[in-house]
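Here is the structure we will look at.
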Amino acid sequence: MQGGNGGGAAPVGAIHNNAQAQLSAPQSAQHFMASGQNMGVHTGHMPGNGPGTPIRQPQPLAPSVIISPSAPHIPPPGSAETMPGDLQPPKAGQKSHVFDRLQTTPKDVPEGIRTPKRQHSSRFDISDQRQRELEKLPGFHEVPPNRRQDLFMQKIDQCNIIFDFNDPTGDMKSKEIKRLALHELLDYVANNRSVITDPMYPRVVDMFAKNLFRPIPPPVNPQGDAFDPEEDEPVLEVAWPHIQVVYEFFLRFIESQDFNTNIAKAYIDHHFVLQLLELFDSEDPRERDFLKTTLHRIYGKFLNLRSYIRRSINNVFFQFMYETERFNGVAELLEILGSIINGFALPLKEEHKLFLTRVLIPLHKVKSLSMYHPQLAYCIVQFLEKDSALTEEVVLGLLRYWPKVNSTKEVMFLNEVEDIFEVMDPTEFAKVQEPLFNQLAKSVASPHFQAGLPPKVAERALYFWNNEYFCNLVTDNVETILPIMFAPLYENSKGHWNRTIHSMVYNAMKLFMEINPQLFDDCSHDYTELQSTAEAREKNRQSKWNRLQQLAQSRKCNTGPSGTETGTGAGAGAGTGPVKLPVAAAPSSSSPTPHPHSRDGRHHPVIRTTWTRLRMIANSD
1 MQGGNGGGAA PVGAIHNNAQ AQLSAPQSAQ HFMASGQNMG VHTGHMPGNG PGTPIRQPQP
61 LAPSVIISPS APHIPPPGSA ETMPGDLQPP KAGQKSHVFD RLQTTPKDVP EGIRTPKRQH
121 SSRFDISDQR QRELEKLPGF HEVPPNRRQD LFMQKIDQCN IIFDFNDPTG DMKSKEIKRL
181 ALHELLDYVA NNRSVITDPM YPRVVDMFAK NLFRPIPPPV NPQGDAFDPE EDEPVLEVAW
241 PHIQVVYEFF LRFIESQDFN TNIAKAYIDH HFVLQLLELF DSEDPRERDF LKTTLHRIYG
301 KFLNLRSYIR RSINNVFFQF MYETERFNGV AELLEILGSI INGFALPLKE EHKLFLTRVL
361 IPLHKVKSLS MYHPQLAYCI VQFLEKDSAL TEEVVLGLLR YWPKVNSTKE VMFLNEVEDI
421 FEVMDPTEFA KVQEPLFNQL AKSVASPHFQ AGLPPKVAER ALYFWNNEYF CNLVTDNVET
481 ILPIMFAPLY ENSKGHWNRT IHSMVYNAMK LFMEINPQLF DDCSHDYTEL QSTAEAREKN
541 RQSKWNRLQQ LAQSRKCNTG PSGTETGTGA GAGAGTGPVK LPVAAAPSSS SPTPHPHSRD
601 GRHHPVIRTT WTRLRMIANS D
């Protein structure tokens, strides 16, 4: 089996160390909420990397997609792709330290207008009052083995009852009975072998659908800005005590060694996948985390659904990019795709390359890029590790969507470019070095300013020179790169206001001087000549404008009362004495003379002659 990181990938059954605790205890959702805080910058190989993988330094610690050991998956012979289990893509909702290399200030938003934290219950189809009166059933250990399947079905029926969690005091006893029944079902499937029978499949899938598939309510602030984890509180689901255990039970059910995919595929079909994808728009990050794991399991087990899942995710992204620009689960879906891309077989199919160019690269243009950029950058790098020939298309695509005025977004692009440098083949680098360094030169010369902080765009661009592999690429191509970078580096070294930038520019210029002193001197000489020529051109331009102003002033002062205009400035003739300008013929009563400034006055003789003289003056030098 082939992994995307240069080493052999573990099968789909590889497990994260704490997956057991996540799916067996009622408190397991705390892990999903806390996991968004475990990002960090590290050096060296990522877990699971093979010896041939380039070291990315620095880069975010990648949280894992949880894979259970109880359900190993081996692709059939001749399968077009694999499904690795050792992948650790950036986790949805986590803030990468890569983007915290430079100090930032929180947005200045008054506390009173921030979006309030709101817990809500989605639009569930609440069962009627008589159905909501539940009686506790005996535990599985309290009945003989021949009655346990019937008891399993009875507990499933109890779990099909939907309660209204908007009323915290309503049906409290029955809610607790259902919660305990869900936990008993979870323990029964997780801790026993040969307990899953054919009649259970439709009942379990139906129970999952009744408890979870529902219309997602509109966002708290549908007309305002998208959810910002730095400012807004997450909107939590008050029905979570039941929803969480339903997810855990379903995951244990499909991970069981007794689970038969051939039977289950009659019930877990295209419609089921579409409803699952709709839930990714939930505002509760805990639910999106469980959805991510659930869809990942389904993709690994149901080979017949893989292509459909990829197409459906693409459609979600297309709607997000070109219609709504609002979808809460983009980061989670990209995390799943990072796992999928890692398992693509080589050579890459044309379908996968189109996914890169038509979906992943255009995702950079959405204004809410910061919500999912770590996961998006991970997917891009995975593609380049699979096929380095895609480098030129990726880099040119990034340059096409490069932000012009959004400095925060530009820093994200610079972070991604540095990650791309780490996996860039030298031959591919030669193809993109000129347009890429033209953009880096603009970033180094960025005038971005924020009071009390260093200029983060210029500083982030100059950090590239701290990357050893980047410096090696620059050394091999210095003849092309130094003429592009010399001007912004030299100007910053002379006139930039920030001391940090001065120090970083000095280090970059010192590197260039050590690489090729003669070329550095040539660039310095060319820059000096260019500046001198530019000053001469500016003086010449200013002189021409001064002459035009003098001519205009002389015309204003020397207009005669008889309708003739005299000028004493430089003219087209000898330049001495008054110059007579022709005057239009006297207007007749039938055709009045148009006003010189009107639309019909553009051919007025005075206007035409004046512009002729101005053109002659402009061209005289």
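Taking the UniProt record's numbering, I'd label the letters of the sequence shown as residues 1 to 621. No residue lacks a Cβ here, since even glycine has one placed at the ideal position from N, Cα and C. In this text, all values refer to a predicted model and were calculated from it rather than measured experimentally.
For the pair of segments examined, the stretch 346 to 356 was found not to touch the stretch 286 to 297: the number of CB pairs separated by less than 8 angstroms stays below three.
Between the C-alpha atoms of Ile196 and Met412 there is a straight-line separation of about 48 angstroms. Phe437 is positioned such that its CB atom lies no closer than 8 angstroms to that of Met504. Look at Glu237 here: in three-state DSSP terms it is strand. For Leu185, the closest alpha carbon among the candidates Phe152, Asp157, Glu237, Gln244 is that of Phe152. When the beta-carbon positions are compared, Gln149 and Lys178 stay at least 8 angstroms from each other.
Boundaries of the alpha helix (DSSP H) around Ala430: 426 to 444. For Asp171, no alpha helix (DSSP H) segment is defined, and its DSSP state is neither H nor E. Scanning its chain for C-beta atoms nearer than 8 angstroms, with the 5 sequence neighbours on each side dropped, one finds around Ile336 the residues Val65, Lys292, Leu295, His296, Tyr299, Ile313, in chain order. The Cβ-Cβ distance between Asn191 and Val246 does not fall below 8 angstroms.
For the pair Leu530 and Ile501, the CB atoms are not nearer than the 8 angstroms cut-off.
DSSP places Phe520 within a helical segment (H, G or I) once states are collapsed to three.
Bounds of the alpha helix (DSSP H) holding Phe355 are 350 to 355. Each of Gln375, Leu369, Thr324, Ile361 was checked against the Cα of Ile340, and the nearest Cα belongs to Gln375. Counting along the chain, Tyr378 sits inside the alpha helix (DSSP H) bounded by residues 373 to 386.
Under the three-state reduction of DSSP output, Gln257 falls in the coil class, being neither helix nor strand. Closest in C-alpha terms to His364, from the list Leu390, Asn466, Leu334, comes Leu334. Here Val395 is buried: its Cβ has 16 or more other Cβ atoms, across all protein chains shown, within 10 Å.
Per DSSP, the unbroken alpha helix (DSSP H) holding Asp476 starts and ends at 468 to 476. For the pair Ser493 and Glu422, the Cα-to-Cα distance works out to about 28 angstroms.
Taking C-alpha positions only, Ser554 is separated from Arg547 by approximately 10 angstroms.
Beyond the five residues adjoining it in sequence on each side, Met200 comes within less than 6 angstroms, by CB distance, of no other residue in the same chain.
Inter-segment contact for the stretch 316 to 333 and the stretch 246 to 261 is absent: fewer than three beta-carbon pairs are separated by less than 8 angstroms.
Contact annotation, Val478 with Asn516: C-beta distance approximately 5 angstroms; criterion of less than 8 angstroms satisfied. Judged by DSSP in its simplified three-state form, Lys409 adopts helix. Of the residues assessed, Glu325 falls on the exposed side of the cut-off, its CB having fewer than 16 other CB atoms within 10 angstroms. Between the alpha carbons of Leu277 and Phe163 lies a distance of about 24 angstroms. With a 10 Å radius around the Cβ and a threshold of 16 neighbouring Cβ atoms, Glu416 comes out buried. In this structure, Leu489 lies away from Arg460, with their beta-carbon atoms at least 8 angstroms apart. For Ala331, the secondary structure class from DSSP, reduced to helix, strand or coil, is helix.
Secondary structure at Trp465: helix, using DSSP grouped into helix, strand and coil. Between Leu356 and Phe327, the CB-CB gap reaches or exceeds 8 angstroms. Here Glu283 is buried. Its C-beta has 16 or more other C-beta atoms within 10 Å. Under the 10 Å beta carbon count, Gly170 is surrounded by fewer than 16 other beta carbons and is classified as exposed.
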